[in-house]
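**Student:**
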């Protein structure tokens, strides 16, 4: 299809029912538009150039198969059919389908901003996708979607909670159809099951694609990812390379990934290269995710294989993106950034970068965000770790994972290891509930931290409960910088509102001082939530966010931390300050 112009123009009326609002995009055989019906409700129009369709995209009656399939579908997790017809344009015949317009974004757009999703959100999205697939597969003549990817799942944001909806049925086929001439060109190879490369499609091929999507949501890359650039001109070579990769064990990078072992086992079963060993039904996949069925490890050695790799450094604003925290930024500038930039001067005084630091304080106040922006500021490789990434129920496996993490960090030095919820990984060994395996993990962590700063590895730990961490980790030469990260103060709240409202359509004359006054003791994430809520109020009814919207959102949003909880964290801070003072006094004794 020519890319020189779109076929339909703004204001054009189709069949006396739909008015073209604006052009959306052009593909190889179809164009899409936003339209309005007679009630002025927004709809989605997909226009098919019949001469450009592959012969397998027609049914036995010569009708467009995608349209005929959509006519028979009705499910909350599927795009909704509204009508269809045909028209003549440029002396050619076209077919069109009208679908309900989904007010939201694709998963690909969401992941472009966030890279990975938190486990709870990913689970809820996958349950929606799988419910939609389960409906398709439960039809008398099963419908196989064949193209479940992050591009073909939209999040409907028009309600209180996002609703995932499967869209684009261009590759959908009835299972009863012959697969000998299945048109597979254009499918995303990372989401395509092994047998689908040979034009075999079934319930299991959709299950494989759903497993690849789940993996991608949690890790930030598709499973068995390889660089595509060298295969652009040879599809067969690319498929062969992927098939070779899939002979290797499925690996989960321990960077941004947040896959627990039980979740890994579920995904690994869905991604079995041999369809015989995958889930037999989507329903089984749903039961496993919901915790109603247990899945055994699919990896030899009876444990998930986590390989610690550094996250590719993304361009970012560094400290400029952080509202407030000036004291912390100044400390990191002096002790770490300047030490990197002026190594000779610091070495003259016998100084290297410190081994690490602990960020502690109330949740939702920006500890993780600060660590990420610090990595951008210094240009270090960044290992973003959660305890579940490296903890294991298998004897000695946790220690081995800790060792592998530090080995990889040293190999990629200079690098930053950021460990969230450090208290879960390095608990106080004096607590009666700490078992032998926890103790061994603490010992391994202590050994690896010795002089890691001299090796170019800087460790940042984050916790809400510093008193639960083993004291040896907080001693001199390890995490010896301990920084309390409180709820944002007045100036920081002003900056946060400006930052979270930046690049959104807002009315002029915002009183940021008043917004800050009304949000004392609100966490950073609370302020972000308020700005998002104000945007949701107007997204479909007004062109800009007003001060009134913000005030209403503040009124309806209570701080995530109570006065009592904040007092508890301040007492924890006082206790840590007391410990530091005591340590300083002791250091004056002897040499």
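In our numbering, the protein residues as written are 533 to 1123. The beta-carbon is built from N, C-alpha and C at its ideal position, and this holds for glycine as well. Nothing here was measured: the structure is a model prediction, and the numbers come from that model.
Of the choices 891, 739, 564, 1014, whose alpha-carbon is the least far from that of residue 626?
**Tutor:** Comparing Cα-Cα distances from residue 626 to each of 891, 739, 564, 1014, the minimum goes to 564.
**Student:** Can you list, in chain order, the residues of its chain whose CB lies under 8 angstroms from that of residue 845, leaving out five sequence neighbours each side?
**Tutor:** Reliability fails at residue 845, whose pLDDT of 49 lies under 50, so the model's placement of it is uncertain and no value is given.
**Student:** So residue 984 and residue 991 are in contact, right, with Cβ under 8 angstroms, and what is the actual spacing, rounded?
**Tutor:** Between residue 991 and residue 984 the Cβ distance is about 6 angstroms, and since that is below 8 angstroms, they are a contact.
**Student:** Enumerate in chain order the residues of its own chain whose CB-to-CB distance from residue 538 is below 7 angstroms, with the five nearest sequence positions on each side excluded.
**Tutor:** The residues are 555, 558, 563.
**Student:** Please name the residue, chosen from 989, 553, 1025, 813, that lies closest to residue 1050 on a Cα-to-Cα basis.
**Tutor:** Minimum Cα distance to residue 1050 is reached at 1025.
**Student:** Between the alpha carbons of residue 1038 and residue 1071, how many angstroms are there, rounded?
**Tutor:** Roughly 11 angstroms separates the two Cα atoms.
**Student:** Inspect the CB distances between the stretch 777 to 784 and the stretch 714 to 723 and report whether three or more fall short of 8 angstroms.
**Tutor:** Touching, no, given that fewer than three Cβ pairs across the two stretches are closer than 8 angstroms.
**Student:** Just curious, the alpha helix (DSSP H) that residue 663 is in, first and last residue?
**Tutor:** Looking at the DSSP string, the run of the alpha helix (DSSP H) that includes residue 663 is 651 to 669.
**Student:** Mind pulling the alpha helix (DSSP H) runs of 4 or more residues that sit fully within the stretch 1050 to 1096?
**Tutor:** DSSP runs (the alpha helix (DSSP H)) wholly in the stretch 1050 to 1096: 1056 to 1070, 1079 to 1088.
**Student:** When the Cα of residue 957 is compared with those of 978, 944, 942, which residue comes out closest?
**Tutor:** Comparing Cα positions, the closest option is 978.
**Student:** Rounded to the nearest angstrom, what separates residue 860 and residue 651 at their Cα positions?
**Tutor:** Between residue 860 and residue 651, the C-alpha separation is close to 30 angstroms.
**Student:** To which residues of the same chain is residue 814 closer than 8 angstroms at the C-beta, ignoring the five residues directly before and after it?
**Tutor:** Excluding sequence neighbours, residue 814 sits near 662, 665, 666, 669, 735, 738, 739, 742.
**Student:** Is it the case that the Cβ atoms of residue 867 and residue 886 are separated by a distance below 8 angstroms?
**Tutor:** Cβ atoms of residue 867 and residue 886: closer than 8 angstroms.
**Student:** Please report the distance separating the alpha-carbon of residue 689 from that of residue 699.
**Tutor:** Taking the straight line joining both Cα atoms gives about 15 angstroms.
**Student:** Closer than 6 angstroms by C-beta to residue 949: which residues in its own chain qualify, once you throw out the five before and the five after it? Chain order, please.
**Tutor:** Only 915, 941, 991 meet the Cβ criterion.
**Student:** What number of angstroms, rounded off, separates the C-alpha of residue 675 from the C-alpha of residue 635?
**Tutor:** Spanning the two alpha carbons is a distance of roughly 26 angstroms.
**Student:** Using alpha carbons as the reference points, say which of 850, 801, 852 lies closest to residue 827.
**Tutor:** Comparing Cα positions, the closest option is 801.
**Student:** Which same chain residues, not among the five before or five after residue 854, have their C-beta less than 8 angstroms away from its C-beta?
**Tutor:** Answer for residue 854: 861, 898, 901, 902, 905, listed in chain order.
**Student:** Give the secondary structure of residue 630 by DSSP, where H, G and I count as helix, E and B as strand, and everything else as coil.
**Tutor:** In the structure shown, residue 630 sits in a strand (DSSP, three-state: E or B).
**Student:** Is residue 614 helix, strand or coil when you go by DSSP?
**Tutor:** In the structure shown, residue 614 sits in a strand (DSSP, three-state: E or B).
**Student:** Using a Cβ distance threshold of 8 angstroms, determine whether the stretch 1019 to 1034 contacts the stretch 989 to 1009, with at least three qualifying pairs required.
**Tutor:** Result no; under three Cβ-Cβ pairs closer than 8 angstroms.
**Student:** When DSSP labels each residue in this structure, what does residue 796 get in the three-state scheme?
**Tutor:** Helix, per DSSP.
**Student:** Mind reading off the beta-carbon distance from residue 629 to residue 751? Whole number of angstroms is fine, and I expect it under 8 angstroms.
**Tutor:** Actually they are not in contact, since the Cβ atoms of residue 629 and residue 751 sit about 34 angstroms apart, beyond 8 angstroms.
**Student:** With H, G and I counted as helix, E and B as strand and the rest as coil, what does DSSP make of residue 705?
**Tutor:** Three-state DSSP puts residue 705 in a strand.
**Student:** Going by the beta-carbon positions, is the gap between residue 953 and residue 1003 smaller than 8 angstroms?
**Tutor:** Going by C-beta atoms, residue 953 is not nearer than 8 angstroms to residue 1003.
**Student:** Could you give the C-beta distance for residue 799 and residue 746, rounded to a whole number, given that I count them as a contact under 8 angstroms?
**Tutor:** Confirmed, about 5 angstroms.
**Student:** State the DSSP-derived secondary structure class of residue 935, mapped to helix, strand or coil.
**Tutor:** Note: residue 935 maps to helix in three-state DSSP.
**Student:** Measure how close the beta-carbons of residue 1089 and residue 1065 come, nearest whole angstrom, since I'm counting them as under 8 angstroms.
**Tutor:** Yes, residue 1089 and residue 1065 are in contact; Cβ-Cβ is about 7 angstroms, under 8 angstroms.
**Student:** Could you name the residues of the same chain whose beta carbon sits closer than 6 angstroms to that of residue 749, not counting the 5 residues immediately before and after it, in chain order?
**Tutor:** The answer, listed in chain order, is 649, 654.
**Student:** Can you give me the C-alpha to C-alpha distance between residue 672 and residue 805, rounded to a whole angstrom?
**Tutor:** Roughly 27 angstroms between the two C-alpha positions.
**Student:** Based on DSSP bridge pairs, tell me the residues matched to residue 637.
**Tutor:** Per DSSP, 687.
**Student:** Residue range of the alpha helix (DSSP H) that residue 878 falls in?
**Tutor:** Residue 878 -> alpha helix (DSSP H) spans 875 to 880.
**Student:** Helix, strand or coil: which one does DSSP assign to residue 916?
**Tutor:** Residue 916: strand per DSSP, three-state reduction.
**Student:** Going by beta carbon distance, what residues of the same chain come within less than 7 angstroms of residue 945, once the five residues before and after it are set aside?
**Tutor:** These residues qualify, in order along the chain: 987, 988, 989.
**Student:** Do residue 856 and residue 1027 have their beta-carbon atoms positioned less than 8 angstroms apart in this structure?
**Tutor:** Contact: yes.
**Student:** Note down the Cα distance separating residue 772 from residue 1102, rounded to an integer number of angstroms.
**Tutor:** For residue 772 and residue 1102, the distance between alpha carbons rounds to 58 angstroms.
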